[in-house]
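For what it's worth, my numbering labels the leading residue of the sequence shown as 51, then goes sequentially.
Note that beta-carbon positions come from the ideal geometry of N, C-alpha and C, so glycine has one too.
Note that this is a predicted model, so its numbers are computed, not measured.
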Amino acid sequence: MRHRHCFIFLLAVILIFCCYILSLERELLTFGLRHKNLNVGVDDGIRRERTNCTLATCLDLLACFVRDDRLTVYVEPLISVYDQGNDIAPIVSKEFIEIRTAILQSEFSVDDPNDACLVLPGFDTLSMRRFADGAATLRKLLTAENRFARHNILMFVFAGQTIAAEKAIIARSQSFLSNFRYGFDVSIPMWVPYPSHYPPDVIPYKRKYLISVVLRYASKTARKTLLDVFGNREDIIFYEECPSKQKMESVCARDGKDVPINRALMVGNFTIIYDRIPAFELVLVHSFRANSIPVVISDSFVLPFDDVIAWDSYVPYFCLSFVQIAVLNTLKLT
51 MRHRHCFIFL LAVILIFCCY ILSLERELLT FGLRHKNLNV GVDDGIRRER TNCTLATCLD
111 LLACFVRDDR LTVYVEPLIS VYDQGNDIAP IVSKEFIEIR TAILQSEFSV DDPNDACLVL
171 PGFDTLSMRR FADGAATLRK LLTAENRFAR HNILMFVFAG QTIAAEKAII ARSQSFLSNF
231 RYGFDVSIPM WVPYPSHYPP DVIPYKRKYL ISVVLRYASK TARKTLLDVF GNREDIIFYE
291 ECPSKQKMES VCARDGKDVP INRALMVGNF TIIYDRIPAF ELVLVHSFRA NSIPVVISDS
351 FVLPFDDVIA WDSYVPYFCL SFVQIAVLNT LKLT
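Structure below.
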């Protein structure tokens with residue numbers, strides 16, 4: 051048990067390093083961009099039953115003790131995989147290159163996959179929605195030329211639901227109980243890099259409101275739920291989508307003035323995080339940056355790094371069915 055938690059902790063460290071790297075010089079984006087071509091192969095058994103996949107059953111832990119002083123990761127060169135003459139690998143995103151670059155330049159990187167505890171595949175996995183044929187395409191990319199048969203796979207996923215690579219450790223945002231394996235997968239924050247031109251924010255000592263509620267992108271049902279619970283109170287501020295819809299990082303208060311979301315959340319002691327609203331994880335990340343305590347409303351959302359952070363000591367978490375009574379009583383609004 052102790053070794054398992056040490057392994058997860060070390061893995062979490064590398065994920066935090068990768069996901070919170072704040073700035074990369076432009077020339078670094080070409081670092082390590084070797085490329086190789088592969089052909090679709092036969093399924094080598096990478097797919098496993100989700101309920102049975104644990105560190106003991108799905109990973110070769112011996113590979114993780116080759117260098118017992120540190121976690122090791124091999125970054126596969128970028129690949130093209132051909133199926134009937136067509137390249138099925140998705141176009142590589144800037145964010146994926148940044149993650150690769152961060153790992154390649156870290157102390158965890160090794161040049162030989164046989165010396166690595168984990169292998170990062172050479173195709174972009176950040177959005178499962180970009181695969182032409184979903185799970186089937188992903189499986190072809192993973193099994194091409196049987197190159198991962200003896201290696202532990204690490205995949206970063208920022209968007210998409212349940213995926214087919216059951217043997218791989220999935221480091222993903224949008225983690226829910228239905229697609230997350232405790233003690234095996236790693237829940238990470240949504241990728242929200244700081245703009246390089248953005249000045250540092252000054253966190254106010256006193257806040258004007260008790261709670262901030264972001265209704266941007268909310269459906270009629272989600273909007274009604276939150277307004278029924280928090281509406282008509284002077285110590286609660288609501289933020290909507292701005293009429294211009296041109297500034298993705300801005301929200302608008304009732305006065306119609308657009309405000310960067312991270313600054314908007316600085317005026318409230320608490321921020322509501324409701325998983326029925328699209329981009330709720332974006333609000334979660336900005337609430338941390340604004341030092342506003344997130345109040346999570348969800349039946350199944352898995353908070354980032356939940357295996358190693360005791361969130362229940364810091365973050366109020368409420369099931370949707372009890373939200374009205376529980377939130378009001380806990381935050382002492384009644």
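Between which two residues does the beta strand (DSSP E) containing residue 319 stretch? 318-324
With 16 as the cutoff for other CB atoms within 10 Å, does residue 234 come out buried or exposed? buried
May I ask you to report which of helix, strand or coil DSSP gives residue 205? strand
Express the C-alpha separation of residue 290 and residue 267 in angstroms, rounding to a whole number. 8 Å
Residue 308 - containing beta strand (DSSP E), residue span: 308-310
Residue 316 versus residue 149 - alpha carbon distance: 29 Å
Leaving out five residues before and five after residue 276 in sequence, what residues of the same chain have Cβ atoms less than 6 Å from its Cβ? Cβ within range, chain order: 263.
With DSSP run on the structure shown, which of helix, strand or coil describes residue 170? strand
Does DSSP put residue 153 in a helix, in a strand, or in coil? helix
In three-state DSSP terms, what is residue 278? helix
Collapsed DSSP secondary structure at residue 180 in the structure displayed: helix
According to DSSP, simplified to helix, strand and coil, what is residue 221? strand
In terms of DSSP beta bridges, what is residue 110 paired with? Paired residues: none, contrary to the question.
Tell me where the beta strand (DSSP E) around residue 128 begins and ends. 128-133
So if DSSP puts residue 290 in a beta bridge, which residue, or which two residues, is it bridged to? 302
Give every residue of the same chain whose Cβ lies closer than 6 Å to the Cβ of residue 272, excluding the five residues on either side of it in the sequence, and list them in chain order. 326 and 327
Within 10 angstroms of its Cβ, does residue 172 collect 16 or more other Cβ (buried), or is it exposed? buried
Using the C-alpha atoms, what's the distance from residue 128 back to residue 153? 14 Å
Label residue 369 either buried or exposed according to how many other C-beta atoms from any shown protein chain fall within 10 Å of its C-beta, with 16 as the threshold for buried. exposed
What three-state label does DSSP hand residue 357 in the structure shown? coil
Helix, strand or coil: which one does DSSP assign to residue 124? strand
Can you give me the Cβ contacts of residue 359 inside the same chain, cut-off strictly under 8 Å, excluding the 5 residues immediately before and after it? Answer for residue 359: 353, listed in chain order.
Kindly indicate the opening and closing residues of the beta strand (DSSP E) around residue 260. 259-264
Under 7 Å Cβ to Cβ from residue 106, same chain only, skipping five residues before and after it: list those, please. Nothing listed; no residue qualifies.
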